[in-house]
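The numbers in the working numbering rise by one with no breaks, and the one at position 442 of the sequence shown is 456.
Ideal placement from N, C-alpha and C gives every residue a C-beta, glycine not left out.
This one's a predicted model, so the numbers in the text were calculated from it and none came from an experiment.
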Amino acid sequence: MRRNNRAVVAVASFLLALLSVQCGPGTGGDGVADTLTLHVASGDERALTFPYMGLVFLHLALDTADGEDPKPRLLDRWSHTPDYTEWTVHVREGLVWDDGVPVTAGDVKFGIELWTHPDVGYEGRFFDSITVVDSNTLKINYPDPPRYTIWSDFNWWAMVNPKHLLENLEPARKQEWPFWLEPVGNGPYRYVRHAPTIMTELEANPNYYGDSPKIPRIVLRYGGSGVTELLGGNVDIAEPVSALDAIRLGEDPRFRIYHDIGYAPVAIVWNHRNPLFGDVAVRRALTMLIDRRELHQVLNYPADVPIYDVPIHERHHVRGVAPDPLPFDPEEAVRLFASAGWEDTDGDGILNKEGRDFQFTLLTSGHTTEAVYVQDQFRRAGIRMEVGTYAGNVVGQRAREGEFDAAILARGLRIRNAGLPGLTGYENPELSRHTSAYAVSEIDQTAADMHAREIWRIVEADTPITYLHLDVRFRAAHRRVKGMQNNTEWRMEDLWIDDEGGPGGPSTLRQDS
15 MRRNNRAVVA VASFLLALLS VQCGPGTGGD GVADTLTLHV ASGDERALTF
65 PYMGLVFLHL ALDTADGEDP KPRLLDRWSH TPDYTEWTVH VREGLVWDDG
115 VPVTAGDVKF GIELWTHPDV GYEGRFFDSI TVVDSNTLKI NYPDPPRYTI
165 WSDFNWWAMV NPKHLLENLE PARKQEWPFW LEPVGNGPYR YVRHAPTIMT
215 ELEANPNYYG DSPKIPRIVL RYGGSGVTEL LGGNVDIAEP VSALDAIRLG
265 EDPRFRIYHD IGYAPVAIVW NHRNPLFGDV AVRRALTMLI DRRELHQVLN
315 YPADVPIYDV PIHERHHVRG VAPDPLPFDP EEAVRLFASA GWEDTDGDGI
365 LNKEGRDFQF TLLTSGHTTE AVYVQDQFRR AGIRMEVGTY AGNVVGQRAR
415 EGEFDAAILA RGLRIRNAGL PGLTGYENPE LSRHTSAYAV SEIDQTAADM
465 HAREIWRIVE ADTPITYLHL DVRFRAAHRR VKGMQNNTEW RMEDLWIDDE
515 GGPGGPSTLR QDS
């Protein structure tokens, strides 16, 4: 009986401690709030694998929005041969894992090979070999010419994990490793404790090489709705939130809304094998029928989200060098349709040509709002478009097999895949030459941008697909959280808490338990 009482006391003590983390911001000795709570929308308690790995595991380096040289992180310097086929990279000296073991070049080799293992992500293996030169140096050899590199394709992942703890585990079961629940890292924060399916607590890492984080403790909460948790005072940041929820939360004086623009566009992919879409005049006309600025408003996008008709890298947007899009111009669209032989000759309100009505089906998976909006725009111009809604894997498979008229897709629309010839059937040898050259030279920005400009010229002329909008993600944060910005890669160690700065003085988000 006494043993059971001890168990009850132990459980009660843990729950009280957990409650103090969940219900109150926590205060340090000077009375300043010292805990920030982040809602993990995926509900995955292994969230420290990705995308929150930057909290516990250092990135190799950090990419920059303008495409300039990346900022050193775990690696402090690197060099390459003139043909980019061999890179020498150097691990920052003095780094240690949270268990005190030094971080070495062997850890870098192990991490890269783990994340590109045949049972993990072999399709992303970009190198021929990796050789450890010494404890802080390694060489990475690439095919000749290199198609991708760790710098261009992996965007400086935190791919380095402790070899001494993981090398004997089975890669195929990586997601099941208990390690992710109690990780041993080298980043700005380190693991403290974990409550299954509920939360993970982290604290500032005293051995971190950089400036100590301004917020001493971070709590990741799992499951449920981020919006509900934010409104209920249980979290400080919820990411992502929908555009509608962003509007609702933005009306509450306790919160601020931030957005990030992703440069993987959502687009209508036309099947050029279908005679309807073989004429560039028709594809341009279809594009000009869509009021994409109004579509942004329908999607509740911020006013500063740009519209592009070509695939771009973020640096092109930052530098303002991407070409202007086709305008919304229904009258010009009608003229273009007529030039291609499409007119309403029988007065039934539908364009026709040689006895065939202009009608087709648009496949979509998660973009019903866009599909319905486009359907209405086309209907006004005499085009009959049906919307077919299917699971994402079905839409993808039918697109790959060419069994579609048109489809809304949101992946694979990078510069190196301009025109999506494999899906659309669109062929342009000159475009293929430049996209291949761009993929090879992407690590050389000057050469890559030269090919990008040629790609834009061809895509503008041929309009092989119709770009609808860029990807926009929203996050909501309590106003006491400072240091967050729009369109900025934010790192937790750059944030701070100001309980005196929000509406009404100190935070009204939570009350101490």
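If you ignore the 5 residues before and after M173, its C-beta comes within less than 6 Å of the C-beta of G125, I126 and W129, all in its own chain and listed in chain order. If you keep only unbroken alpha helix (DSSP H) runs of at least 4 residues inside the stretch 176-242, you get 177-180.
Rounded to the nearest angstrom, the Cβ distance from P84 to D77 is 5 Å, consistent with a contact under 8 Å. Burial check for Q189: the Cβ neighbour count within 10 Å stays below 16, so the residue is exposed. Take A413, set aside five residues on each side of it, and the residues of its chain with a beta-carbon closer than 6 Å to its own are A421 and L437, in chain order. The three-state secondary structure of E308, taken from DSSP, is helix.
Per DSSP, the beta-bridge partners of G402 are L377.
With a minimum length of 4 residues, the unbroken runs of alpha helix (DSSP H) contained wholly in the stretch 428-484 fall at 435-438, 443-455 and 459-476. Distance from the CA of G114 to the CA of N219, rounded to the nearest whole angstrom, comes to 12 Å. The alpha carbon of G201 has as its nearest neighbour, out of R398, A462, H327 and R505, the alpha carbon of R505. For V409, the three-state secondary structure derived from DSSP is helix. In this structure, I232 is the residue among G247, I232 and W191 with its C-alpha nearest to the C-alpha of G68. Looking at the DSSP output, S143 bridges to N155.
DSSP, read as helix, strand or coil, puts I126 in helix. Considering only V249, L245, Q389 and Y272, the residue with the shortest C-alpha distance to A257 is Y272. One Cα belongs to T95, the other to W101, and the distance between them is close to 7 Å.
Looking at the DSSP output, Y277 sits in no beta bridge, so it has no partner there. Per DSSP, T301 is one residue of the alpha helix (DSSP H) stretching across V294 to M302. Counted as a single uninterrupted DSSP element, the beta strand (DSSP E) harbouring A252 occupies residues I251 to V255. Beta-carbon to beta-carbon, F193 and L179 are separated by about 7 Å, close enough to satisfy the 8 Å threshold. C-alpha of Y452 to C-alpha of D225: approximately 38 Å in a straight line. Contact annotation, H448 with E468: C-beta distance approximately 5 Å; criterion of less than 8 Å satisfied.
With contacts defined as CB atoms closer than 7 Å, I212 and L50 fail to qualify as a contacting pair.
Taking C-alpha positions only, I472 is separated from S446 by approximately 10 Å.
Between P341 and the set G497, I304, T383 and N155, the nearest pair of CA atoms involves I304.
Judged by DSSP secondary structure, R91 falls within the beta strand (DSSP E) whose first and last residues are L89 to H94. The C-alpha of G334 is placed about 27 Å away from the C-alpha of D508.
Counting only residues of its own chain and dropping the five nearest sequence neighbours on each side, H310 has a CB closer than 7 Å to the CB of V319 and H483.
For T383, the enclosing alpha helix (DSSP H) starts and ends at T382 to R394. DSSP places V103 inside the beta strand (DSSP E), whose first and last residues are E100 to V105.
For L350, the enclosing alpha helix (DSSP H) covers residues P344 to S353.
For L244, the three-state secondary structure derived from DSSP is helix. Of all C-beta pairs linking the stretch 325-332 to the stretch 342-354, fewer than three are shorter than 8 Å, placing the two stretches out of contact.
With distances taken between CA atoms, Y203 lies nearest to F71 out of F71, G246, D419 and D142. Taking the Cα positions, R487 is about 12 Å away from L313. Distance from the Cα of A354 is smallest, within the candidate group V294, Q391, Y404 and N285, for V294.
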